[in-house]
Amino acid sequence: MDATEIGLWGVPLAILGGAIRVSTPFIFVSLGEAITERSGRINLGLEGTLVFGAMTAYAVAVMTGSPWLGLLAAAGAGLCFGLFHGWICKFRGVNDIAIGIALMLFGSGLAFFFGKPFIQPSAPDLPAIAFGGWSDIPQVQAALNVNILFLIGAALAVFLWWAFRNTRAGLIVRVVGDSSDAARAMGLNPNTVRLLATGVGGALAGIGGAYLSLYYPGSWTERISSGQGLMAVALVIFARWNPLGCFAAALLFGGAGALGPALQSVGVTQGYYLFYAAPYILTLIIMIATSSPNRSLAGAPGELSITK
Amino acid sequence: MSGSIGKKAVGVETIGMTMRFGAFTALDDVSIKVPAGSFHALLGENGAGKSTLVKCMMGFYHPTAGDMLVDSREVAIASPKDASALGLGMVYQHFTLVPSLTGAENLVISREKVPGVIDWRKERAALAQFMQRMPFKLPLDVKVAELAAGEKQKLEIIKQLYLGRSFLVLDEPTSVLTPGEAHEVLGLVRDMTRTGDLTVLMISHKFHEVTAFADDITVLRKGRLTGTGKVSELSHKQMAAMMIGDQPIAALDSRAPVPAGARQVLTVKSLKAPDRTGLKTIDIGELDVKSGEIVGIAGISGNGQKEFLEVLAGQRARNGGDVLVKGSPYGASRSEARTLNVRFIPEEPLRNACAPKMTVAENMAFRTFDLNEAGKPVNWIRMSAIRDYAARLVQQFKVKTASLASPISSLSGGNVQRAVLARELTGEVDLLIVSNPCFGLDFSAVAEIRARIMKARNAGAAVLLMSEDLDELLELSDRIFVMSDGALVYETPIAQASVQTIGEHMAGHH
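Those protein sequence lines, which keep their order, are chains H and R. For the first sequence, the working numbering assigns the number 1 to the initial residue and increments by one for each residue that follows. For the second sequence, the working numbering assigns the number 309 to the initial residue and increments by one for each residue that follows.
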């Protein structure tokens, strides 16, 4: 069976598969950024963290033969990047956005430097679960071949959504993100909370990077991220700092990104490349549709430098 | 300790409290005594050292010299945490609630011990039980950002009681409450002092409140203690004398009668606009303000006054209706405000009428910086002209500022308001829109600002005054409207105004 036999059904199927496959790094990076931004800081450096995580995961997986160790190493590297960002930003007069941009370039550069020897060898992949076994159509099977990190990401989104309301840690992050003064009056140290929130955010971005190099596309190249880390940061604002929104937005982005290749696969030969721009056009449309001149950006943390 | 008022009230004393910032002595050898279960009022002008004293007591400042006694035992308070461990709590003039959290979340997270995972069903039940003992009802499931100022203030007090504090410092607690609410809140607080559950130290400028609720007063002036005594033995005049010394207080001009043929300056017809939640609309049927009169709008905060004023100020889009100034449609653009002589004094002037980090001179020149002497637009802005202009106004309106080049946010609340008044009241004023002009200001600033508004009225300006302070409306207005649930529900000329009827309409009982 090939694509023409299931005809146009191949398009939604490819979009579904693409949404699941492409969205995973977006999910992790945007959830990490959601935690950081909810605490009142922006870490634009997650693009660099993502690339460095991808390289670290790949290198460790090549050397040890275990993709899980690679994943762990990527998370650790991400944690270090996050903590570094959080530590620098505690000093007076330091701008978190500027530091983020510096770390973005630094992370990518460092990854290219250390990653040169790992472009050739191949590393073991992270496992996936085949949910499509009930069907004998290969496209269905391919679309429903779901990587375990996607499932973890989905569970994490639900958990964070719950945790922001129902746990002490979640409430503390929101307090610090919304009002430093109130936090200090409660005896909390905003810098410590932000340091940890940025660290956790970095670790999640590292995991997103591991997915890139160890599953899809599944190899280490210097162009592996192509700005996904930056887009994920934008997704957080688009999702109004809501973890469930981040998950949905990441899916939407992934699905829209799969539109171009899907059309190409069913034989559309002209103009399909325009659909490669679908995610960006979609974002613009939704942003315009959901914003209003009368309401301010609902849910924006008060301490965030872009909304202050 | 959640939700219980278990601890007994504590008595607090300071001995020889002194605080110096460099060469400046903010607090000079102040000893006060607040016995357990008493209601003590702390009076003084802005900059008299009240907040410094209180901050020393609460551990925000480390006093240069002096001791603190709690229940006659000497204690060291190095941080606010130490203070709260001793049961000392403070309700600030600036809200310390977290805007994006709900009331319930704010209460629970401020507790000393919060469980790692919060069982909301249990907490909600405990909160509901706690709230039953509170005399005012508050929606605890609404984000604090969506509460009105009055509701926030109540929640601040409730938070302290919820945390089981047995000594409370209230920093001008009623400045945003209606007379009824203020009476209710202070009554509750006083009852708790009577039963020995609470000791209160209240910073206030309202003498009638002090007389009605406090047992003793302490008065500070320029960092020194200038008087103390039992409220029952002091008259308002004596208190004022301790507070301001022999400095003259601005007197209100006598009210010139509104001329019979006074022209209508502001006309509002069937104005509709969404309120801050976006769920309800405010609907102003018909309102007109004539030249030379002050029309007051009373109402409990959160009934649409703020939105109405925002529409007039151009901060909020309207769904329909007309706003006419001197017969021409008014959309709050800069050029319309200029040609029609409309001036605006919003509430919280530092936030709504100033660029906080720009200098005093620049802020005062916002209306005129791009005009030359003849009132024509200019291309090149002369900083010297701005400075001269500001220097003149600073002197004329007695704005106290270190220099014209200081950022306006470094000024005290009263002086920010003076600077804004100077900007708005200079030149020809046909329509003046004012909102809560005296919120959080002290005695002499309030008197002066009210006098300025009255003077503008007598000079022929039409004034629309929205205030949550009914005393202020009764003192200044020629007519009073009551706004409730987004609509004007009652109108009375000042001669027939009764506090009770107005209060009933404010509460929506008609």
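C-beta: ideal position from N, C-alpha, C; glycine also.
Exposure of residue i, with buried meaning 16 or more beta-carbon neighbours within 10 Å
i        : result
GLU541/R : exposed
GLY314/R : With a pLDDT of 49 at GLY314/R, under the threshold of 50, the modelled position of that residue is not reliable, and the figure given next carries that caveat. By the neighbour-count rule (16 or more Cβ atoms within 10 Å), GLY314/R is not buried but exposed.
SER711/R : exposed
ARG758/R : buried
ASN587/R : Looking at the sequence provided, one finds Leu at residue 587/R rather than Asn. The residue is exposed, with fewer than 16 neighbouring Cβ atoms inside 10 Å.
GLU303/H : buried
PRO388/R : buried
PRO582/R : buried
ASP779/R : exposed
MET691/R : exposed
MET287/H : exposed
ALA94/H  : In the sequence under discussion, the amino acid at residue 94/H is Val, which differs from the Ala named in the question. The residue in question, VAL94/H, is exposed, as its Cβ has fewer than 16 Cβ neighbours within 10 Å.
Residues that DSSP places opposite residue i in a beta bridge
i        : result
GLY604/R : LEU773/R, ILE788/R
VAL650/R : LEU739/R
PRO685/R : LEU679/R
ASN145/H : ALA130/H
PRO801/R : ARG787/R
ALA795/R : ASP591/R, SER792/R
MET325/R : VAL338/R
HIS516/R : Answer is none; HIS516/R lacks a bridge partner.
ARG381/R : VAL378/R
ALA453/R : Answer is none; ALA453/R lacks a bridge partner.
Chain-order list of residues whose beta-carbon lies under 6 Å from that of residue i (same chain, five-residue window excluded)
i        : result
TYR215/H : ASP125, LEU126, ASN147
GLY768/R : SER599, GLY600
ILE101/H : LEU44
Minimum Cβ-Cβ distance from residue i to chain R less than 8 Å
i        : result
ILE172/H : yes
ARG21/H  : no
ASN166/H : yes
GLY40/H  : no
SER179/H : yes
LEU16/H  : no
GLY209/H : no
GLY302/H : yes
GLY187/H : yes
VAL146/H : no
ALA355/H : There is simply no residue 355/H to check, as chain H begins at 1 and stops at 308 in what is shown.
VAL158/H : no
VAL175/H : yes
Residue-chain proximity (residue i, chain H), Cβ-Cβ < 8 Å
i        : result
LYS577/R : no
SER418/R : yes
THR847/R : This structure leaves residue 847/R out entirely; chain R is present only between 309 and 818.
TRP428/R : yes
LEU435/R : no
GLU413/R : yes
VAL728/R : no
MET309/R : In this predicted model, MET309/R has a pLDDT of only 37, less than 50, meaning its place in the structure is not dependable; the value taken from the coordinates is given anyway. For MET309/R, the answer is no, since every Cβ of chain H falls outside 8 Å of its Cβ.
GLY314/R : Because the pLDDT at GLY314/R is just 49, under 50, the model does not fix this residue reliably, and the point stays unresolved.
VAL422/R : yes
PRO407/R : yes
LYS708/R : no
THR360/R : no
LYS389/R : yes
GLU799/R : no
VAL425/R : yes
Sequence-distant residues of the same chain with beta carbon closer than 7 Å to residue i, five excluded per side
i        : result
ALA210/H : GLY53, ALA54, ALA57, GLY70, LEU71, ALA74
SER312/R : With a pLDDT of only 41 at SER312/R, under the threshold of 50, the placement of this residue in the model should not be trusted, and no figure is reported.
SER310/R : Summary for SER310/R: the model assigns pLDDT 37, below 50, so the residue's position carries little reliability; its value from the coordinates is reported in the next sentence. Counting only Cβ-Cβ distances below 7 Å, and skipping sequence neighbours, we find ARG419, ALA434.
ARG760/R : LEU729, LEU733
GLU799/R : ARG787, PHE789
PRO371/R : MET325, THR326, MET327, CYS364
VAL422/R : VAL416
Same chain only: Cβ atoms within 8 Å of residue i, ignoring 5 sequence neighbours per side
i        : result
ALA393/R : none
PRO664/R : LEU658, PRO715, ILE716, SER717
GLY488/R : GLY811, MET814, ALA815
THR221/H : ILE119
Check: residue i C-beta below 7 Å from any heavy atom of the ligand NAD
i        : result
PHE332/R : Ligands in the displayed structure: none, and consequently the ligand NAD is not present.
Using a Cβ distance threshold of 8 Å, determine whether the region 446-459 of chain R contacts the region 400-420 of chain R, with at least three qualifying pairs required. yes
Are three or more beta carbon pairs between the region 342-360 of chain R and the region 225-242 of chain H nearer than 8 Å? no
Cβ contact check for the region 86-96 of chain H and the region 193-210 of chain H: 3 or more pairs under 8 Å: yes
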